[in-house]
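Residues 1 to 94, numbered by UniProt numbering, are exactly what the sequence shown covers, in order. Beta carbons: idealized from backbone N, C-alpha and C, even for Gly.
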Amino acid sequence: RELAEDGYSCVEVRVTPTRWPEIIILATRTENVLGEKGRRIRELTSVVQKRFNFPEGRVELYAEKVAARGLCAIALCESLRYKLIVGLAVRRAC
């Protein structure tokens, strides 16, 4: 819900035996996920740490841009959803 307006696509979680998890958020607008001076990504990191009981500083969140926006069904669906909520005509939204 928090990332829906930013073109959220999916999340990848990478866990290696020597390190703590790296969480990669794929979105169409990564600058919005990062926030002003990285503030929002730090807030999301702290929320994930508290929610899943990770020690402080052990989880790393990254934002990556979706390579081909036109091929990502979730990103297109979210884009269409917000266009329709704003009141754009259905023919123009697609």
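Specify the secondary structure class of residue i as computed by DSSP and reduced to three states.
| i | result |
| --- | --- |
| residue 98 | Any answer about residue 98 is impossible in this case: the structure gives the chain only from 1 up to 94. |
| Glu-12 | strand |
Do you know offhand how far residue i's Cα is from residue j's?
| i | j | result |
| --- | --- | --- |
| Glu-31 | Arg-40 | 10 Å |
| Val-11 | Ala-89 | 31 Å |
| Val-81 | Val-59 | Looking at the sequence provided, one finds Arg at residue 81 rather than Val. Computed Cα separation, rounded: 31 Å. |
| Cys-94 | Ile-25 | 25 Å |
| Val-47 | Phe-54 | 10 Å |
Would you mind working out which of the options sits nearest residue i, comparing C-alpha positions?
| i | options | result |
| --- | --- | --- |
| residue 96 | Val-59, Leu-76, Ser-9 and Val-13 | What is shown of the chain runs 1 to 94, which leaves residue 96 out entirely. |
| Glu-56 | Ala-67, Glu-43 and Ala-68 | Glu-43 |
| Val-13 | Ala-68, Ala-63 and Leu-71 | Ala-63 |
Taking only runs of the alpha helix (DSSP H) that begin and end inside the UniProt domain "KH type-2" (2-67), which ones reach a length of at least 4 residues, in chain order? 30-34 and 39-51
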